[in-house]
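Trainee:
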C-alpha cells in the first residue's frame, strides 16, 4: 500500500451527497454510499455520518465532463471517478457518464468504486497489490466483497486498529457535525536541537505500525514529518520506549504491527511503545541464522520479507519458512546495485520506496530495477536536508553541482 | 455518453503516463511538443509496468496498452510530485 501523507485528525467523519447520479434512485444511492464508507469502519474506529446539508468533511458529487476542479471526466469508460486526499479536502467525484449499477454485473458497480474513492478521501494512495481495493484498475463486479489485508494494513497505519465494537454497517444520520477539516500543515522547521544537522549519521530508522517515522541516534529519537523533524523532538528513547536501551543497531516493524529492536547480541519486541513480553532475548534465539551486532534491518516492500545487513553481507529472514534463513545466505550487499557495505540503517518508507542510510548520506532504491534510483539531484543525497529539514545544508552531494 | 478511446498510440500513452504521475505534467498537453529523453520515457513505462504487475520491458507493448485502456480511478498512481522537497 502507499499513503499520500495526510489524514483526518478526527475519526468521526461526516459526508453529504450534493449531486446524485441520473439513473439511480436516491435512496438506493444513499444505501450504497453508506455501505462503501462502512468498509473502512470494519477494522478501525472511523465512523461516517450522512448529513443532508451544512458543512461536512467529505462531499460527494456525480458530475460529467469539466466540473470545476480542473480534472475533467472523459465520458463512459476511462476514468470512472476521483477523490481528494484529506489535506486537499477529501471530496469524491464520480463520472455520471458511467452506467452506475447496484448488485449487477452490468455497467460499473457503484459500491466498489465508491469504497475505493473513499480510501483516497481518508489518505490512502494507490496500491500495487492487484488484489487490493486500492489498486487503481476497476476489476468488474465482485458479488462477494472482501477488503484485502493490504487495505486493512494501510487504513490501520493511519487510524489505528478497531477498539470499539460498534459495527458501523448502518450509516447513522445527522449526529452533531464536527466540521473540523484537517489542520493546515505547519511548515517544516529545522529541528530545535539541530545537532542532527551537524552530524546526520543515524543508528537506525523505522516506521511504527501507525506509519510514523522515527530516527534513532545515541540516547535520542526524532519523529519525522514528510520532510523534516517534528516540533518537540528529539526526545529520549527511554521515554518513548520504556525499557529500551540507547545506541540501537537496527529496527523494523513487521506486518504483525510489532516493532523489533536489535542491539549487540540481543533484541526487544514492542507493540507501539509498550514492551511486548519479557525482553531482551538473544538474537540467536528469536532470529535463528541471523548474526549479532547488526548494521541495519528492514522489511522489503518487494516481497514483505525481513532483510538484515552486516558488513558486506545480507540475510533474508522469512518467519513463515523452516529454516527461516535459507542456506544460500548470506549474500553480498553488492547484489543491491549501488548500495554500499557497512550500512547504518535501512527502511521501507511510507511512500513505498526502500531507503538505505550510510554516514551523512542516503540512497533511494528502485525496487523494480533492483538498483539505486536515478533522479535529480542524484543519489546518494545528504540526509540532513531531505530527512531532517536542515536549512543551510546542501541538497545534493554531486561534486560541482550546478 | 461518449466512450473513452482505448490507448493505442504513443501520444495517448504519453498523456496517460503523465495523467497518472509517471511523466511530468507537461507531457499531458498534446499541443506542447515536449521532448522526452529516452531514459525518462523508458523509466516511466517500466514504473507503470511494475506498478501494474506487468512484465517490465520498458517497451510500450500491447499488454501495456491494453492495461492502460482499462476503466480506472482518476487519482495519480504516483503522488507527491517530483518537484516537492518531501519526495525523499
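Protein chains in written order, with this note's numbering: chain S, 83 to 484; chain E, 418 to 505. Every residue gets a Cβ at the ideal spot worked out from N, C-alpha and C, and that includes glycine.
Between residue 230/S and the rest of its own chain, which residues show a CB-CB distance below 7 Å, the 5 nearest in sequence each way excluded?
Mentor: Here residue 230/S refers to the residue found at position 148 of the first chain. Closer than 7 Å at Cβ, skipping near neighbours: 211, 213, 214, 215.
Trainee: Is the beta carbon of residue 439/S sitting closer than 7 Å to the one on residue 426/S?
Mentor: As a position in the first chain, residue 439/S is number 357, starting the count at 1. As a position in the first chain, residue 426/S is number 344, starting the count at 1. Yes, the Cβ-Cβ distance between residue 439/S and residue 426/S is below 7 Å.
Trainee: If the cut is a Cβ gap below 7 Å, which residues of chain E does residue 164/S touch?
Mentor: To locate residue 164/S, count along the first chain from 1; it is residue 82. Ordered by position in chain E, the residues that pass the 7 Å Cβ test against residue 164/S are 490, 491, 492.
Trainee: Pull up the DSSP beta-bridge partners for residue 140/S, would you.
Mentor: Within the first chain, the letter at position 58 stands for residue 140/S. In DSSP, residue 140/S forms a bridge with 97/S.
Trainee: For residue 441/E, would you say it is in contact with chain S, using Cβ-to-Cβ distances shorter than 7 Å as the test?
Mentor: In the second chain, the residue the question calls residue 441/E occupies position 24. No - not a single Cβ of chain S is within 7 Å of the one on residue 441/E.
Trainee: Between the region 461-478 of chain E and chain S, which residues of the former have CB atoms less than 9 Å from a CB of the latter, in chain order?
Mentor: Of all residues in the region 461-478 of chain E, only 463, 464, 466, 467, 468, 469, 470, 473 place a beta-carbon less than 9 Å from a beta-carbon of chain S.
Trainee: To the nearest whole angstrom, what separates the beta carbons of residue 60/S and residue 217/S, a pair I think is in contact under 8 Å?
Mentor: The first residue shown for chain S is 83 and the last is 484, placing residue 60/S beyond what the model contains.
Trainee: Could you tell me the distance, in whole angstroms, from the CA atom of residue 357/S to the CA atom of residue 347/S?
Mentor: For the purposes of this step, residue 357/S is taken as residue 275 along the first chain, with counting starting at 1. For the purposes of this step, residue 347/S is taken as residue 265 along the first chain, with counting starting at 1. Those two C-alpha atoms are separated by around 18 Å.
Trainee: Output, in chain order, the set of chain S residues within a Cβ distance shorter than 7 Å of residue 496/E.
Mentor: For the purposes of this step, residue 496/E is identified with residue 79 of the second chain, where counting begins at 1. Those within 7 Å of residue 496/E in chain S are 86, 207.
Trainee: Scan the region 183-216 of chain S for residues whose Cβ lies nearer than 8 Å to a Cβ of chain E and list them as they occur along the chain.
Mentor: 190, 195, 198, 199, 202, 207, 208, 210, 212
Trainee: List the DSSP bridge partners of residue 397/S.
Mentor: As a working mapping, residue 397/S is identified with position 315 in the first chain. Looking at the DSSP assignment, residue 397/S forms a beta bridge with 390/S.
Trainee: DSSP on residue 92/S, reduced to helix/strand/coil?
Mentor: Locating residue 92/S in the first chain gives position 10, counting from the first residue. Residue 92/S: coil per DSSP, three-state reduction.
Trainee: Between which two residues does the alpha helix (DSSP H) containing residue 155/S stretch?
Mentor: Locating residue 155/S in the first chain gives position 73, counting from the first residue. Looking at the DSSP string, residue 155/S is not in any alpha helix (DSSP H), and its letter there is neither H nor E.
Trainee: Can you find a C-beta in chain E that's less than 7 Å from the C-beta of residue 220/S?
Mentor: The residue you call residue 220/S lines up with position 138 of the first chain. For residue 220/S, the answer is yes, since a Cβ of chain E falls inside 7 Å of its Cβ.
Trainee: Can you tell me where the alpha helix (DSSP H) holding residue 452/S begins and where it ends?
Mentor: Translated into the one-based positions of the first chain, residue 452/S becomes position 370. Residue 452/S -> no alpha helix (DSSP H), and no H or E assigned at all.
Trainee: Just mark residue 452/S as buried or exposed, buried being the case when its beta carbon has 16 or more other beta carbons within 10 Å.
Mentor: The count along the first chain starts at 1 and reaches residue 452/S at position 370. Exposed, since its Cβ has fewer than 16 Cβ neighbours within 10 Å.
Trainee: If we cut at 7 Å on Cβ distances, does residue 468/S have a partner in chain E?
Mentor: Residue 468/S sits at position 386 when you count from the first residue of the first chain. By this cut-off, residue 468/S is an interface position.
Trainee: Compute the distance between the beta-carbons of residue 365/S and residue 397/S, then report whether it is under 7 Å.
Mentor: Position 283 of the first chain holds residue 365/S. Position 315 of the first chain holds residue 397/S. The criterion of a C-beta distance shorter than 7 Å is not satisfied by residue 365/S and residue 397/S.
Trainee: Measure from the alpha carbon of residue 359/S to the alpha carbon of each residue in 376/S, 325/S, 100/S, then state which is nearest.
Mentor: By one-based count along the first chain, residue 359/S stands at place 277. Nearest C-alpha to residue 359/S: 325/S.
Trainee: Check the Cβ-Cβ distances between residue 450/S and every residue of chain E, and say whether any is below 7 Å.
Mentor: Within the first chain, the letter at position 368 stands for residue 450/S. Yes, because at least one Cβ of chain E sits closer than 7 Å to the Cβ of residue 450/S.
Trainee: If I'm right that residue 290/S touches residue 341/S with Cβ under 8 Å, what's the distance once you round it to whole angstroms?
Mentor: Mapped onto the first chain, residue 290/S falls at position 208. Mapped onto the first chain, residue 341/S falls at position 259. Right, their Cβ atoms sit about 7 Å apart.
Trainee: Throw me the rounded Cβ distance for the residue 295/S and residue 431/S pair, which I believe falls under 8 Å.
Mentor: Translated into the one-based positions of the first chain, residue 295/S becomes position 213. Translated into the one-based positions of the first chain, residue 431/S becomes position 349. At roughly 7 Å, the Cβ-Cβ gap stays under 8 Å, so residue 295/S and residue 431/S are in contact.
Trainee: Taking DSSP as the reference, what is the three-state secondary structure of residue 428/E?
Mentor: As a working mapping, residue 428/E is identified with position 11 in the second chain. In the structure shown, residue 428/E sits in a helix (DSSP, three-state: H, G or I).
Trainee: Could you pull out every residue in the same chain whose Cβ sits closer than 7 Å to the Cβ of residue 110/S, ignoring the five residues on either side in sequence?
Mentor: Start at 1 with the first residue of the first chain, and residue 110/S comes out as number 28. Taken in chain order, the residues that qualify are 184.
Trainee: Looking at residue 492/E and residue 164/S, is the spacing between their C-beta atoms short of 7 Å?
Mentor: To locate residue 164/S, count along the first chain from 1; it is residue 82. To locate residue 492/E, count along the second chain from 1; it is residue 75. Yes. Within cutoff.
Trainee: With C-beta atoms as the reference, is residue 141/S less than 7 Å away from residue 178/S?
Mentor: Mapped onto the first chain, residue 141/S falls at position 59. Mapped onto the first chain, residue 178/S falls at position 96. Their beta carbons are not under 7 Å apart, which means residue 141/S does not touch residue 178/S by this criterion.
Trainee: Which same chain residues end up closer than 6 Å to residue 78/S when comparing Cβ atoms and leaving out the 5 residues on each side of it in sequence?
Mentor: Any property of residue 78/S remains undetermined from this structure, which presents chain S solely from 83 to 484.
Trainee: In chain E, what lies closer than 8 Å to residue 446/S by C-beta?
Mentor: Translated into positions along the first chain, residue 446/S becomes position 364. The contacting residues are 505.
Trainee: Tell me, please, which residues DSSP counts as bridged to residue 380/S.
Mentor: The residue you call residue 380/S lines up with position 298 of the first chain. Answer is 389/S.
Trainee: Within a Cβ cutoff of 7 Å, which residues of the same chain sit near residue 146/S, ignoring the five residues on either side of it in sequence?
Mentor: Stepping through the first chain from its first residue, residue 146/S is reached at position 64. So the qualifying residues of the chain are 155, 177, 178, 179.
Trainee: Tell me which same chain residues have a C-beta within less than 6 Å of the C-beta of residue 203/S, skipping the five on either side of it?
Mentor: Locating residue 203/S in the first chain gives position 121, where the first residue counts as 1. If we look at residue 203/S and ignore the five residues flanking it on each side, its Cβ neighbours are 140, 165, 172, 174.
Trainee: Evaluate residue 428/E with the Cβ neighbour count: other Cβ atoms within 10 Å of its Cβ, from every protein chain shown; 16 or more gives buried, anything less gives exposed.
Mentor: Here the question's residue 428/E lines up with position 11 in the second chain. By the C-beta density criterion, residue 428/E is exposed, having fewer than 16 other C-beta atoms within 10 angstroms.
Trainee: So, helix, strand or coil for residue 184/S, using DSSP?
Mentor: Within the first chain, the letter at position 102 stands for residue 184/S. Reduced to three states, the DSSP call for residue 184/S is coil.
Trainee: If the criterion is Cβ atoms closer than 7 Å, does the pair residue 430/E and residue 477/E meet it?
Mentor: Along the second chain, read from residue 1 onward, the residue named residue 430/E stands at position 13. Along the second chain, read from residue 1 onward, the residue named residue 477/E stands at position 60. The answer is yes: Cβ separation under 7 Å.
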